[in-house]
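Protein chains in written order, with my numbering: chain A, 3 to 148; chain B, 3 to 148.
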DNA sequence: AGTATCACTCAATAAGCTTGCGTTGCGCTT
DNA sequence: AAGCGCAACGCAAGCTTATTGAGTGATACT
């Protein structure tokens, strides 16, 4: 995991479908050398995989919200994960410091869909109370250090 | 934009480096047909591009926080965007309903780095007050409808 | 000094991309 | 009802890229 690896990763974050030759040219290596490093990074779990960046609006996922989740008593983080993971509208979930126990990031087709997703979230047994903050507009949404 | 396109997108979200032939096999099309559809989706902006999924821990971006931003008076969303965009630690920013004006998602190497990023965020001229919520653990982080 | 290890380049083959071309299905006009 | 134009498809050819093996040089350890 040296500076060469980091530059390769940075290239892949910018364009995950770039050819190994292109990446190699950018970082000063041959194509096979790049492939071997990428394979190793995947093996080590530093690279988790490759994904497409989709315009959520275009696909009809235009509405999102951040939800503070307050639980009944002490709930282990693992159980929180298991509780929210089945909801397809959940795109992110984090345990946090402060008064709330967790923050859940919801993405839905519209306000009505968001409402039903929230209802299902509140239906999770250990969840006591939720405080929702609806997103009005997405200003920025990018990978780190791109 | 039909169901075939959606299935192609779903394949690409799962693995952005899959070959057109693989995708075609999964959705019942030939490789050239898939390529033409992908090109069109890119043209239309429905597909924004392809990126690598990196383990943030491994790259030394293990600490993150959500920050409620409160502005001085009325600030247009565009100016908020311009204000936070230069900070590399900002991975997401949203204007929201409720008492706060915006929510900013920060990602930093460690607590100290997070602190300096917060200071720089608070240094943005129109920002009045911030309320930070530090992430203790990431439970879930996934693309929608994967 | 010798040697093991590691990562690289080069080269060759296999796989995949990309484009032109002919075909088909569908809606619209004549 | 036949003809036309459009849009999308599959096939095939030529070209590019991926992938593997083999050889080489640098580094570090014995």
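Every residue gets a Cβ at the ideal spot worked out from N, C-alpha and C, and that includes glycine.
Please determine, among the options, the residue with the shortest C-alpha to C-alpha distance to residue i.
| i | options | result |
| --- | --- | --- |
| residue 137 of chain B | A:33, A:94, A:112 | A:94 |
| residue 108 of chain A | A:102, A:34, A:117 | A:117 |
| residue 86 of chain B | B:48, B:33, B:122, B:34 | B:122 |
| residue 128 of chain A | A:119, A:103, A:90, A:34 | A:103 |
| residue 42 of chain A | A:91, A:126, A:3 | A:3 |
| residue 84 of chain B | B:126, B:64, B:119, B:5 | B:126 |
| residue 16 of chain B | A:64, A:63, A:50 | A:50 |
| residue 115 of chain B | B:82, B:124, B:63 | B:63 |
For a quick check, are the C-beta atoms of residue i and residue j less than 8 Å apart?
| i | j | result |
| --- | --- | --- |
| residue 106 of chain A | residue 69 of chain A | yes |
| residue 146 of chain A | residue 58 of chain B | yes |
| residue 25 of chain A | residue 8 of chain A | no |
| residue 18 of chain A | residue 52 of chain B | yes |
| residue 96 of chain A | residue 139 of chain B | yes |
| residue 66 of chain A | residue 111 of chain A | no |
Buried or exposed, going by whether 16 or more other CB atoms sit within 10 Å of the CB of residue i?
| i | result |
| --- | --- |
| residue 11 of chain B | buried |
| residue 39 of chain B | buried |
| residue 91 of chain A | buried |
| residue 113 of chain A | exposed |
In angstroms with no decimal places, state the Cα-to-Cα distance between residue i and residue j.
| i | j | result |
| --- | --- | --- |
| residue 141 of chain A | residue 61 of chain A | 18 Å |
| residue 77 of chain A | residue 144 of chain B | 23 Å |
| residue 28 of chain A | residue 55 of chain A | 22 Å |
| residue 80 of chain A | residue 21 of chain B | 36 Å |
| residue 89 of chain A | residue 48 of chain A | 27 Å |
| residue 119 of chain A | residue 35 of chain A | 47 Å |
| residue 45 of chain A | residue 37 of chain A | 12 Å |
| residue 74 of chain A | residue 82 of chain B | 37 Å |
| residue 6 of chain A | residue 30 of chain A | 9 Å |
| residue 124 of chain A | residue 124 of chain B | 34 Å |
Let me check you understand the geometry: is the CB of residue i closer than 7 Å to at least one non-hydrogen atom of the ligand GDP?
| i | result |
| --- | --- |
| residue 71 of chain B | With respect to the ligand GDP, the structure shown offers nothing to examine, as it has no ligands at all. |
Segment contact, 8 Å Cβ cut-off, at least three pairs: the segment 65-83 of chain A with the segment 122-132 of chain A: Yes, they touch.
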